Amino acid sequence: MTAKALAKKMTTLYRLAREQLSKQHHYDFGLRALKSVLVIAGDMRRGESDISEERILMRALRDMNLPKFIFEDVPLFLALLQDLFPGLDCPRIRYPDFNDAVERCLVEAGYVLTTEQADKVVQLYETMRTRHTTMIVGPTGGGKSVVIKTLCEAQTRLGLQTRMHVINPKERSVVELYGQLDPNTRDWTDGLLSNIFREINRPTEKKERRYLMFDGDVDALWVENMNSVMDDNRLLTLANGERIRLQAHCALLFEVGDLQYASPATVSRCGMVFVDPKYLGYAPFWQRWLAGRTTLLGRTESGQLDGLYKKYIPYLIDRIVEGQGLDSQQTDRLRTILPLTGLNLLVQFCHLLAGLLDMKAEFTSLEEIEATFLFAAYAGIGGTLLEPTGRSGFDAYAKQLSCLPPAAGPGSGEDATSDPLHEVVQAGWLPSRRPSLFDYAYHVSQGVWTPWADLVPEYTHKVAEGCRFSEILVPTVETVRVCRLLAIHVACRRPLLLVGETGTSKTAITQSFLREHASENQLVLTINFSSRTTSLDVQRNLEANVEKRAKDTYGPPSGRRLLVFIDDLNMPALDAYGTQQPIALLRLLVERSGIFDRGGKELNWKRLQDIGYLAAMGRPGGGRNEVDPRFISLFTVHYVCSPDEITLTSIYNAILAGHTAQFDPTIRDIVPEITAMTLELYRQISVSLPPTPSKFHYIFNLRDLSRIYQGLSMTTIDRFTKAEEMVRVWRHEVCRVIMDRLINPADEIFVTNLIAELMRKRCPDSAEFALRDPLLYGDYRTALEESEPRLYEDLIDFKAAKAILTDVSPYVKQLSAFIYPRISANNMFLYNIKHNT
1 MTAKALAKKM TTLYRLAREQ LSKQHHYDFG LRALKSVLVI AGDMRRGESD
51 ISEERILMRA LRDMNLPKFI FEDVPLFLAL LQDLFPGLDC PRIRYPDFND
101 AVERCLVEAG YVLTTEQADK VVQLYETMRT RHTTMIVGPT GGGKSVVIKT
151 LCEAQTRLGL QTRMHVINPK ERSVVELYGQ LDPNTRDWTD GLLSNIFREI
201 NRPTEKKERR YLMFDGDVDA LWVENMNSVM DDNRLLTLAN GERIRLQAHC
251 ALLFEVGDLQ YASPATVSRC GMVFVDPKYL GYAPFWQRWL AGRTTLLGRT
301 ESGQLDGLYK KYIPYLIDRI VEGQGLDSQQ TDRLRTILPL TGLNLLVQFC
351 HLLAGLLDMK AEFTSLEEIE ATFLFAAYAG IGGTLLEPTG RSGFDAYAKQ
401 LSCLPPAAGP GSGEDATSDP LHEVVQAGWL PSRRPSLFDY AYHVSQGVWT
451 PWADLVPEYT HKVAEGCRFS EILVPTVETV RVCRLLAIHV ACRRPLLLVG
501 ETGTSKTAIT QSFLREHASE NQLVLTINFS SRTTSLDVQR NLEANVEKRA
551 KDTYGPPSGR RLLVFIDDLN MPALDAYGTQ QPIALLRLLV ERSGIFDRGG
601 KELNWKRLQD IGYLAAMGRP GGGRNEVDPR FISLFTVHYV CSPDEITLTS
651 IYNAILAGHT AQFDPTIRDI VPEITAMTLE LYRQISVSLP PTPSKFHYIF
701 NLRDLSRIYQ GLSMTTIDRF TKAEEMVRVW RHEVCRVIMD RLINPADEIF
751 VTNLIAELMR KRCPDSAEFA LRDPLLYGDY RTALEESEPR LYEDLIDFKA
801 AKAILTDVSP YVKQLSAFIY PRISANNMFL YNIKHNT
């Protein structure tokens, strides 16, 4: 066959691929891709001169293009190839020594050997033979890191020493990455990339390979500066005029989730290897985890665990991820609080199961192991699901899979010696008094199920003892459940991320847990993220709480462990390309246990030891951003449920009842009515006053309820002696928290009428007094006396309030002197007094 005919087939294949395959950011069918095919075809021709050129070209086209295709496009491309080269069958080239080394490296590292995973290593090896810049692309959970690591180990095993330097280009600014030239002094400050790039391109004393891997998002801002390195020039030009050539023993690697912000010019310069999670799945992780536990559990228990895995896990994960029920029936997917893959769910289940199994030295029966397994599945997999349909659907499906009998009294699962008021069910039975198994805790050491509600301690009011209102935590089923989850993950050293709606006490629960478990051997660092937080802020916080242990090794004082709690994890602002800089730094830190130095000349790698991580964040939306899935995969994700009305009633009743315990009996009696009015008001305004484009700030959540009760907790026994006074101050707090947010007179009238209606319905004897105007409260009377306590009180009217404020603040004196002659009826001044008291 002539060269012209082969060229026609080649260009036709690329045209058809461009037209018929899916559109992906990392696909390129241009001239650079053609050139790579010709290079590898030339190598094959010189090595195997007895094979026809048609067969060689077909093999080169297949081997150079298959690595970059997603799972669905592979059969389409092979069909196109078969149409253009009918009747030709070209088996993959096998590199005997390299293939064997890859398989040995995977097995020795404890990984389950799969054909697809080993083949991806070979594909990366082949791609790097023709390109000095290669991108390994794919969603989290596909095994990209393992593929890269195995390639380096296999080459080293074969005598070619391979070293890899890893940086995340998005964890610092472009200036810190490439370096900066001072325009005044002409002093040069080296950047991290320029420093490492110069180092790896120094001459080698022996035969070796050096890779610089960019483990982070690719965008047009920083990567465009690398275009001259990625093309045939292989040259990095810095701002100070220095030019560094990429030597033959060096190569660039990119590990990235996607290339949506990379330009076509960048994509065309790189070889592509797409690692699709569909090839790997989640089963190999279970096999690897189980093999690692066999020495601890024994073969019998490991076999029982594997049987339970086959009984539950594939069905539960497929039900959540694929919406697939029994007998492969298609149903609605169960929604998780964050996008999670099947592998994510299995990994966090395994960590939780390991933590539970470590609580007991020996399991005496399969029933105990199954109960432990089931509890881990509910907490580790079901704990990510949204209410109400997600968890109820999971519960019904898991019970159907279990085939365990429901407990029905003593002799049928329940402990006959237990208190009749408190349910205790033996392993091997399903508790049945409550609707869901989510309502039960399994005690591994005792082998029994008990309701979470029985584990809730009695609330003790502590504000009078110096506890701030923000530190109040009324124990509920959810707080007890989350605290136990925190304890397990801290013990097994697995990062935990709590996600939930605003006001669900994620921060309060975590801080309460950290206070209760504080010890000399455990230090705590709390970092609050905001939209302005940078990676430098995070790094300075961390470095201030660790000390040097050895060369390039840092950690808390010897013998101690540092727990880092990151609040509002998803608050940092996105850059122009959708990356959160602090998250990029944290991913490098959590995944690789270290960070690069900043600010100095050395820019050394600093290993950080004995550090654990806890985090909390609200659901994405409303100023909160989506977090990189590759970072989320490093954490166990747990959804903190919003409390129902019964729970809310008990919480706020407990807080106000504790505060008014020494007040007049009439005030104590009115506490349940105040809570009922508050919740009814909250429910109605949430429905009747939704946020709109013109009222985007009409967002009412549980924090608003807490602000109302924080104001009520400022009342004192000597200033509030009657029930009507407490109802009146409740009206004031509601007006300040809710009414001050309203911008529409009609909305103000609606809320005013609603408050009056609730008061006349719930507190008819106090309504007339409580509805009097003006409504002014403050603690200004003793503000200038440091020795006197600040007393919250009714300021009665504007005249009295003005007199108090004028005495307190010289600024108010000047303001009133300026305003009174100029504004009729002092409208502005009166408005300020009303809304700032």
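The UniProt record's numbering numbers the first residue of the sequence shown as 1 and each following residue consecutively.
We put the beta carbon where it would ideally sit given N, CA and C, even for glycine.
Quick caveat: nothing in here was measured; it's all calculated off a predicted structure.
task = Could you tell me which residues DSSP pairs with Ala441 in its beta bridges?
result = Indexing the sequence shown from 1 puts residue 441 at position 441. DSSP output for Ala441 lists Thr450 as bridge partner(s).
request  = Return the chain-ordered list of same chain residues with a C-beta closer than 8 Å to the C-beta of Asp610, the five sequence neighbours on each side being excluded.
outcome  = Reading the sequence shown from its first residue, position 610 is the one you call residue 610. Result list for Asp610: Gly555, Pro556, Arg560, Arg561, Leu562, in chain order.
key: Limits of the unbroken beta strand (DSSP E) element including Arg549   = By 1-based counting over the sequence shown, the position of residue 549 is 549. Counting along the chain, the beta strand (DSSP E) containing Arg549 begins and ends at 547 to 550.
request  = Taking Arg736 and Tyr698 to be in contact with their CB atoms under 8 Å, please state how far apart those CB atoms are, rounded to whole angstroms.
outcome  = For the purposes of this step, residue 736 is identified with residue 736 of the sequence shown, where counting begins at 1. For the purposes of this step, residue 698 is identified with residue 698 of the sequence shown, where counting begins at 1. Their Cβ separation, rounded to whole angstroms, is 16 Å, which puts Arg736 and Tyr698 out of contact at 8 Å.
key: From Asp73, Leu374, Ser686, Glu176, residue whose alpha carbon lies closest to that of Lys399   = Translated into the one-based positions of the sequence shown, residue 399 becomes position 399. That would be Leu374, whose Cα lies nearest to the Cα of Lys399.
query = If you draw a straight line from the alpha carbon of Gly711 to that of Ala676, how long is it in whole angstroms?
reply = In the sequence shown, the residue the question calls residue 711 occupies position 711. In the sequence shown, the residue the question calls residue 676 occupies position 676. Rounded to the nearest angstrom, the two C-alpha atoms are 17 Å apart.
ask   = Just curious, the alpha helix (DSSP H) that Tyr211 is in, first and last residue?
value = As a position in the sequence shown, residue 211 is number 211, starting the count at 1. First-last for Tyr211: 208 to 215, but that is the beta strand (DSSP E), not the alpha helix (DSSP H).
task = On a CA-only basis, which of Ser194, Gly292, Val166, Gly281 is nearest Phe254? Give me that one, please.
result = Locating residue 254 in the sequence shown gives position 254, where the first residue counts as 1. Comparing Cα-Cα distances from Phe254 to each of Ser194, Gly292, Val166, Gly281, the minimum goes to Val166.
key: Three-state secondary structure (DSSP) of Asp219   = Indexing the sequence shown from 1 puts residue 219 at position 219. Looking at Asp219 - three-state DSSP - the assignment turns out to be coil, as it is neither helix nor strand.
request  = Could you check if Met359 is buried or exposed, using at least 16 other CB atoms within 10 Å of its CB as the buried criterion?
outcome  = The count along the sequence shown starts at 1 and reaches residue 359 at position 359. Met359 is exposed by the Cβ-count criterion.
task = State the beta-bridge partners of Tyr554 as determined by DSSP.
result = If you number the sequence shown from 1, residue 554 lands on position 554. Lys548, Leu608.
Reduced DSSP secondary structure (H/G/I, E/B, other) of Pro495 = What you label residue 495 is simply residue 495 of the sequence shown in a count that begins at 1. If DSSP states are grouped into helix, strand and coil, Pro495 belongs with coil.
Pairwise C-alpha distance: Trp222 and Ala239 = In the sequence shown, the residue the question calls residue 239 occupies position 239. In the sequence shown, the residue the question calls residue 222 occupies position 222. Those two C-alpha atoms are separated by around 14 Å.
request  = Would you tell me roughly how many angstroms separate the C-alpha atoms of Thr204 and Cys270, rounded to the nearest one?
outcome  = In the sequence shown, the residue the question calls residue 204 occupies position 204. In the sequence shown, the residue the question calls residue 270 occupies position 270. Each residue's Cα considered, the two are about 25 Å apart.
message = Give me the DSSP bridge partner(s) of Asp797.
response = Taking the sequence shown and counting its residues from 1, the one referred to as residue 797 is at position 797. The partner list for Asp797 (beta bridge, DSSP) is empty, contrary to what the question assumes.
key: Contacting residues, own chain, Cβ-Cβ under 6 Å from Cys350 (five flanking each side not counted)   = Here residue 350 refers to the residue found at position 350 of the sequence shown. Within the same chain, Cys350 has close Cβ partners Trp289.
request  = Return the Cβ separation of Leu343 and Thr502 in integer angstroms, given the expectation that the two are a contact with Cβ distance under 8 Å.
outcome  = The count along the sequence shown starts at 1 and reaches residue 343 at position 343. The count along the sequence shown starts at 1 and reaches residue 502 at position 502. Not really, about 30 Å apart at Cβ, beyond 8 Å.
ask   = Measuring CA to CA, which of Val102, Ala101, Leu78 is closest to Pro91?
value = As a first step, residue 91 is located in the sequence shown; it is residue number 91 there, counting from the start. Measuring from the Cα of Pro91, the nearest candidate turns out to be Leu78.
query = Are there three or more Cβ pairs, one per stretch, closer than 8 Å when the region 747 to 764 is compared with the region 682 to 701?
reply = yes
ask   = Is DSSP giving Tyr792 helix, strand or coil here?
value = By 1-based counting over the sequence shown, the position of residue 792 is 792. Looking at Tyr792 - three-state DSSP - the assignment turns out to be coil, as it is neither helix nor strand.
key: Cβ-based neighbour list, Asp779, same chain, cut-off 8 Å, excluding 5 preceding and 5 following   = Numbered from its first residue, the sequence shown carries residue 779 at position 779. Closer than 8 Å at the Cβ level, and outside the excluded window around Asp779, lie Met714, Arg790, Leu791, Tyr792, Glu793.
inquiry  = Counting C-beta neighbours from all protein chains within 10 Å, is the total for Cys152 16 or more, i.e. buried, or is it exposed?
reply    = As a first step, residue 152 must be located in the sequence shown, where it is residue number 152. Result: buried.
ask   = Applying the criterion that 16 or more other CB atoms from any shown protein chain within 10 Å of the CB defines a buried residue, is Ser22 buried or exposed?
value = One-based indexing of the sequence shown puts residue 22 at position 22. Exposed is the call here.
task = Determine, using beta-carbon pairs with one atom in the region 372 to 387 and one in the region 174 to 181, whether at least three such pairs fall under 8 Å.
result = no
message = Quick check: His489 and Gly292, are their CB atoms within less than 8 Å of each other?
response = As a working mapping, residue 489 is identified with position 489 in the sequence shown. As a working mapping, residue 292 is identified with position 292 in the sequence shown. Not in contact: His489 and Gly292 (Cβ atoms no closer than 8 Å).
task = Quick one: using the 10 Å Cβ neighbour count with 16 as the cut-off for buried, is Arg94 buried or exposed?
result = Along the sequence shown, read from residue 1 onward, the residue named residue 94 stands at position 94. By the neighbour-count rule (16 or more Cβ atoms within 10 Å), Arg94 is not buried but exposed.
message = Check whether the region 294 to 306 and the region 138 to 145 are in contact - that is, three or more C-beta pairs closer than 8 Å.
response = no
Integer-rounded CB distance, given that Gly500 should sit under 8 Å from Ser268 = Stepping through the sequence shown from its first residue, residue 268 is reached at position 268. Stepping through the sequence shown from its first residue, residue 500 is reached at position 500. Not confirmed; about 44 Å, so no contact.
query = Skipping 5 residues on each side, what residues in its chain have a beta carbon closer than 6 Å to that of residue 866?
reply = The displayed coordinates of the chain run from 1 to 837. Any statement about residue 866 would go beyond what the structure contains.
request  = Determine the extent of the alpha helix (DSSP H) in which Cys735 is found, giving its start and end residues.
outcome  = Position 735 of the sequence shown, counted from the first residue, corresponds to residue 735. 723 to 737 is the span of the alpha helix (DSSP H), which, as asked, contains Cys735.
message = Going by beta-carbon coordinates alone, are Thr133 and Met230 separated by less than 8 Å?
response = The count along the sequence shown starts at 1 and reaches residue 133 at position 133. The count along the sequence shown starts at 1 and reaches residue 230 at position 230. Against a cut-off of 8 Å, the Cβ pair of Met230 and Thr133 comes out as a contact.
inquiry  = Taking the beta strand (DSSP E) that Phe663 belongs to, which residues open and close that run?
reply    = Residue mapping note: residue 663 aligns to position 663 of the sequence shown, counting from 1. Here Phe663 belongs to no beta strand (DSSP E), and DSSP marks it neither H nor E.
Rounded separation between Glu626 and Arg762 - CA only = Translated into positions along the sequence shown, residue 626 becomes position 626. Translated into positions along the sequence shown, residue 762 becomes position 762. Computed Cα separation, rounded: 43 Å.
task = Decide yes or no for the touch test of the region 662 to 677 against the region 755 to 772: beta carbon pairs closer than 8 Å, at least 3 of them.
result = yes
ask   = Where do the N-terminal and C-terminal ends of the beta strand (DSSP E) with Val175 fall, by residue?
value = The count along the sequence shown starts at 1 and reaches residue 175 at position 175. Here Val175 belongs to no beta strand (DSSP E); instead the alpha helix (DSSP H) covers 174 to 178.
query = Buried or exposed: Asp83, going by 16 or more other Cβ atoms within 10 Å of its Cβ?
reply = Numbered from its first residue, the sequence shown carries residue 83 at position 83. Asp83 is exposed by the Cβ-count criterion.
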